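Numbering of the sequence shown is given in the UniProt record's numbering, commencing with residue 1 and proceeding in unit increments.
Have a look at the structure below before the remarks.
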Amino acid sequence: MSEQPLLNVSDNTALGKVEIAPEVIEVIAGIAATEVDGVYAMRGNFATGVVERFGKKAHNKGIKVELLDDGVSIDVYVILNFGVSIPQVAQQLQTNIRQTLTNMTALELKEVNVHVVGVQMNGREDAEAQE
């Protein structure tokens, strides 16, 4: 298992340091994204689908965190409900994720990119997104 670098979030070294793993940022962003009205589901992969079948919720599904030299970049992959305003929901996603991460981690994000990968039609059970 490859170890990703931790984000150092504390400037005060007298008491010690505080580091946050990128996986924690993914989980926080994933939960914040699912709180937004109009989001049907987060896009996952085969592994998250298998994990969810065994009863464990994959909160980081559909979230990709990149640690860049000039900040943190987050990509969000969502499936929206049919009939919602895509620009409004995307803006709400960006705002909610940014506020939640700022409140919980004190990190300033460089960008939150929203990728709408599908639309869930009413009455259809299939949430497959075309690639």
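C-beta atoms are modelled at their ideal positions from N, C-alpha and C, and glycine is treated no differently.
If you're wondering where the values come from, they're calculated on a predicted model, not measured in any experiment.
query: Spell out a yes or no on whether the region 18–25 and the region 98–107 are touching, meaning 3 or more CB-CB pairs, one atom from each, closer than 8 angstroms.; result: yes
query: Taking only the alpha-carbon atoms, compute the straight-line gap between residue 41 and residue 89 and give it to the nearest angstrom.; result: 13 angstroms
query: Hey, how far is the Cα of residue 116 from the Cα of residue 15?; result: 43 angstroms
query: Which residues in the same chain have their Cβ closer than 8 angstroms to the Cβ of residue 191, if we skip the five residues on either side of it in sequence?; result: This structure gives no information on residue 191, because the portion of the chain shown stretches from 1 to 131.
query: Among the candidates 19, 7 and 43, whose CA atom is the shortest distance from the CA of residue 76?; result: 43
query: In its own chain, which residues sit with a C-beta less than 8 angstroms from the C-beta of residue 47, not counting the 5 before and 5 after it?; result: Residue confidence for residue 47 is low, a pLDDT of 47 falling below 50, so the modelled location carries little weight; the figure read from the coordinates is stated next. The answer is none, since no qualifying residue turns up.
query: By Cβ distance below 7 angstroms, which residues in the same chain neighbour residue 32 in space, the five residues on each side in sequence not counted?; result: 96, 97 and 100
query: Determine the burial state of residue 49: buried for a count of at least 16 other Cβ atoms within 10 Å of its Cβ, exposed for fewer.; result: Below a pLDDT of 50, predicted positions are generally treated as unreliable, and residue 49, at 46, falls in that range; no measurement from the model is reported.
query: Does residue 28 pass the burial test, meaning 16 or more other C-beta atoms within 10 Å, or should it be called exposed?; result: buried
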